[in-house]
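Reading through the structure tokens given below for one structure.
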Amino acid sequence: MRTLTQVWVFLVSLTFLFLFISFELLGRAGLFFSFLISVLFFYAALRHNLSLFRGILSPELHSGNDPTGFLREIENQKLKFGFKRIDVHTSEQPTPPLVWKNSMEHGHILLNKHLLDQLNHNEIRLLAVFLLSHLENRSFVTVHILSTIKVPLYFFSFFTKLFAASTHKILKTSNDCLAADLKFITMAESSKFEAGYFLNRLHRISLNHIRKPNSYCFFSTLSISDHSLINEFGIPDLTTRLKKIMGFAL
17 MRTLTQVWVF LVSLTFLFLF ISFELLGRAG LFFSFLISVL FFYAALRHNL SLFRGILSPE
77 LHSGNDPTGF LREIENQKLK FGFKRIDVHT SEQPTPPLVW KNSMEHGHIL LNKHLLDQLN
137 HNEIRLLAVF LLSHLENRSF VTVHILSTIK VPLYFFSFFT KLFAASTHKI LKTSNDCLAA
197 DLKFITMAES SKFEAGYFLN RLHRISLNHI RKPNSYCFFS TLSISDHSLI NEFGIPDLTT
257 RLKKIMGFAL
């Protein structure tokens, strides 16, 4: 089943549960108001899914001319990770590298348009393996749902953050990110120190920084710092990731 289909099946099931609980607690009045809330939520969710990357980041498909060799690296490596197709997108907006799947064999990568120009040939190769490792090892059903919820419930941001952080805690999604980092070391055939220093370098590049975390940060491969005690994106902080890779932080 396609990932987005799984998301909508989950949302429909959640909606019916919400309607049932409202009816049991408040009767017909509760059913009526919960129905209105559900309609508004689905409308916002649909609009959000259609405009998640287009509206905020205005991405363009990166194809054709490949002076950095990044597309070639992706093509050479993708089958090792079980992918038949990888679409690479670029954006003029500052953004951490993002990854998501349409299906188990079709993935997407989104980068800042000028990121590749700041990396040397070996770093280009490491970046390709790093992103493919996260595409293969991370579950995107949960993050699709949470990113969808974040927009229509924007004015209840504290509660959506708490809900997202609790969901990640229960499902242990941070372990997926750490597993992807370790897979990156293996597939890149690099030392743990080279991998750790490269991950630290990615976090230091200003093009990968955003002023205010947004819903697309759920798809980030880098740690997101919003100066909050609540980790709503389910990605471990950089210190934790470096300690897992190298045994110490920089």
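Note that my numbering numbers the sequence shown so that position 11 is 27, with each residue one more than the last.
Every residue, glycine too, gets a C-beta built ideally from N, C-alpha and C.
Per DSSP, Asp197 is one residue of the alpha helix (DSSP H) stretching across 190-204.
Between Pro229 and Phe200, the C-beta gap is not smaller than 9 Å, which leaves the two residues out of contact.
DSSP places Ser239 in no beta strand (DSSP E); its state is neither H nor E. Within the same chain, and ignoring the five residues on either side of Lys259 in sequence, the residues whose Cβ sits closer than 7 Å to its Cβ are Ala265. For Asp133, the three-state secondary structure derived from DSSP is helix. Under the criterion of beta carbons closer than 8 Å, Leu73 and Tyr232 qualify as touching, at roughly 7 Å. About 16 Å separates the CB atoms of Val115 and Ala204; that is not less than 8 Å, and the two are not in contact.
DSSP places Ile90 in the helix class (H, G or I) of the three-state scheme.
With three or more CB-CB distances shorter than 8 Å, the stretch 216-230 counts as touching the stretch 103-113. Between Asp253 and Ser236, the C-beta spacing is not below 9 Å.
The residues Gln93, Phe97, in chain order, have a CB closer than 6 Å to that of Leu148 in the same chain once the five nearest residues on each side in sequence are set aside.
Contact between Ala196 and Arg154 holds: their C-beta atoms lie close to 6 Å from each other, under 8 Å. Exclusion of the five residues before and after Ser38 leaves Gly46, Leu47, Phe49, Ser50 as the residues of its chain whose Cβ lies within less than 8 Å of its Cβ. Contact between Arg141 and Glu89 holds: CB atoms are separated by about 5 Å, below the 8 Å threshold. Annotated three-state conformation of Glu76 is strand, per DSSP. By the neighbour-count criterion, in which a residue is buried when 16 or more other Cβ atoms sit within 10 angstroms of its Cβ, Asn128 is buried.
For Thr255, the enclosing alpha helix (DSSP H) begins and ends at 254-262.
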